[in-house]
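Written below as structure tokens is the structure these notes are about.
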Amino acid sequence: MRVTLKDIAAEVGVTVGTVSHVLNGHDDISEATKKKVLEAAEKLGYVSDGVAGSLRSGKTGTVAVIVPDISNFLISRQIKAIESAVSKSGYTAVIFNTNEDPATERQAIRTAYGKRVDGILICPVQSFRGNNIAFLQKTGIPFVLFSRFFRDIDTDYVCSDDVKGGYIAAQYLIDRGCRSSLFVGAAGELECSEDRYAGVCRAFRYAGLHAPVLITADPKGGEGEAVADMYWRNRSGFDSMIIFSDIMAFDIEAAMLAKGYKSGNIPIISFDISHAFMRLPFPHVSVGMVDESLPEEAFAILLRRMNGDIGNRIHRLIDVEVREFH
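Numbering of the sequence shown is given in the UniProt record's numbering, commencing with residue 1 and proceeding in unit increments.
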């Protein structure tokens with residue numbers, strides 16, 4: 001049975017009002033009584049009634065974090081950083097995984113709304129072209145997009161500079177003599193994939209070269225064999241690969257190794273630096289953000305909105321760089 005204020009009051013021999021004042025941090029109770037009340041609350045296993053508190057304050061102290069693939073290395077790291085930032089500000093994060101499914105994302109938004117969360121951080125599914133974000137805007141819940149955004153929907157967002165990322169990835173290969181790359185993008189209308197390809201094409205055009213051939217694959221991996229087969233059949237036409245993400249790159253490289261390709265023989269560069277905190281058994285080059293500030297910046301913007309800031313939309317792009325891992 002749930003322990004109540006009345007139970008604590010009976011244990012200590014004080015009024016329910018006194019217990020309430022102690023547990024709510026009022027300073028009109030003696031230190032000796034405070035000590036007895038807190039010890040009794042601990043002894044009896046008292047847990048405060050968050051629902052009742054939220055009804056009084058209008059806030060629940062919770063933030064929903066909605067992500068497309070919780071198993072993704074990069075997203076998992078971002079969730080960890082978000083939880084830390086949220087906790088430091090006295091909030092609790094509630095995580096929703098959409099598995100890149102628009103219907104699941106819509107339900108996550110509905111559930112978060114039903115639980116009266118104070119705000120939402122969302123890395124959106126993009127195959128639905130923003131319909132869920134338009135729905136989210138109608139709810140009135142403060143929210144910030146992170147890692148992905150929609151060019152045609154005006155929202156707060158914090159993302160990496162993907163156009164620049166594509167440009168410097170291509171320039172890295174061009175500077176090393178590559179002239180005919182294959183770009184493996186993400187299927188599913190991801191604007192970050194489109195932006196990376198746009199940056200790649202810009203670098204090749206500036207160098208007087210043809211834009212790389214574009215193919216797409218599942219961003220969660222699993223199609224490495226098909227991509228490797230395609231590259232192998234047309235290897236005379238390509239001298240390098242630019243791949244949407246590290247996860248896709250590892251999948252493709254594993255399939256290439258199985259076909260006799262030796263690591264390092266074909267220049268490959270991918271995105272996200274998702275393996276920055278692990279050692280790889282082969283050299284790899286990746287493009288990613290220059291620091292880990294994205295989660296904290298996204299929550300800082302959300303905190304401003306939750307506290308009533310209705311100023312202009314904030315569009316923040318985190319700078320990117322190339323890193324070599326040997």
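All C-beta atoms in this analysis are idealised placements derived from N, C-alpha and C, irrespective of residue type, glycine included.
Using 10 angstroms around the beta-carbon of residue i, count the other beta-carbons present and answer buried if the total reaches 16, otherwise exposed.
i, result
"arginine 2", "exposed"
"alanine 258", "exposed"
"serine 147", "buried"
"aspartate 195", "buried"
"serine 89", "exposed"
"isoleucine 273", "buried"
"threonine 155", "buried"
"isoleucine 310", "exposed"
"asparagine 131", "exposed"
"phenylalanine 277", "exposed"
"serine 193", "buried"
"glycine 177", "exposed"
"histidine 326", "exposed"
"alanine 112", "buried"
"glutamate 292", "exposed"
"glutamate 191", "buried"
"asparagine 234", "exposed"
Quick check on DSSP: helix, strand or coil for residue i?
i, result
"isoleucine 273", "coil"
"isoleucine 215", "strand"
"arginine 116", "coil"
"arginine 196", "helix"
"threonine 18", "helix"
"methionine 306", "helix"
"histidine 228", "Note on identity: in this sequence residue 228 is alanine, with histidine being the wrong assignment. Helix, per DSSP."
"glutamate 292", "coil"
"valine 3", "coil"
"alanine 187", "coil"
"methionine 278", "coil"
"leucine 209", "coil"
"residue 335", "In this structure the chain extends from 1 to 326, so residue 335 is not present and cannot be described."
"glutamate 100", "coil"
"arginine 323", "strand"
"isoleucine 8", "helix"
"serine 30", "coil"
Write down the C-beta distance between residue i and residue j rounded to the nearest angstrom, noting that I regard them as a contact closer than 8 Å.
i, j, result
"valine 16", "leucine 23", "So it is not a contact: roughly 11 Å between Cβ atoms."
"asparagine 246", "phenylalanine 271", "The question names asparagine, yet the displayed sequence has aspartate at residue 246. Right, their Cβ atoms sit about 7 Å apart."
"valine 63", "glycine 119", "5 Å"
"alanine 40", "glutamate 83", "Alanine 40 to glutamate 83, Cβ: 31 Å. No contact."
"valine 14", "valine 37", "7 Å"
"phenylalanine 183", "valine 200", "6 Å"
Secondary structure, alpha helix (DSSP H): runs of 4+ residues fully inside the region 39-96: 50-57, 73-88
Stretch pair the region 209-216 + the region 171-188: three plus CB contacts closer than 8 Å: yes
Any beta strand (DSSP E) of 3 or more consecutive residues that is wholly inside the region 125-171: 143-146, 157-160
Any 3 or more C-beta pairs closer than 8 Å across the region 283-291 and the region 303-310: no
contact_flag[the region 63-72, the region 90-102] where n(CB pairs < 8 Å) is 3 or more: yes
Stretch pair the region 133-148 + the region 109-123: three plus CB contacts closer than 8 Å: yes
Sufficient close CB pairs (3 or more, under 8 Å) joining the region 167-184 to the region 228-243: yes
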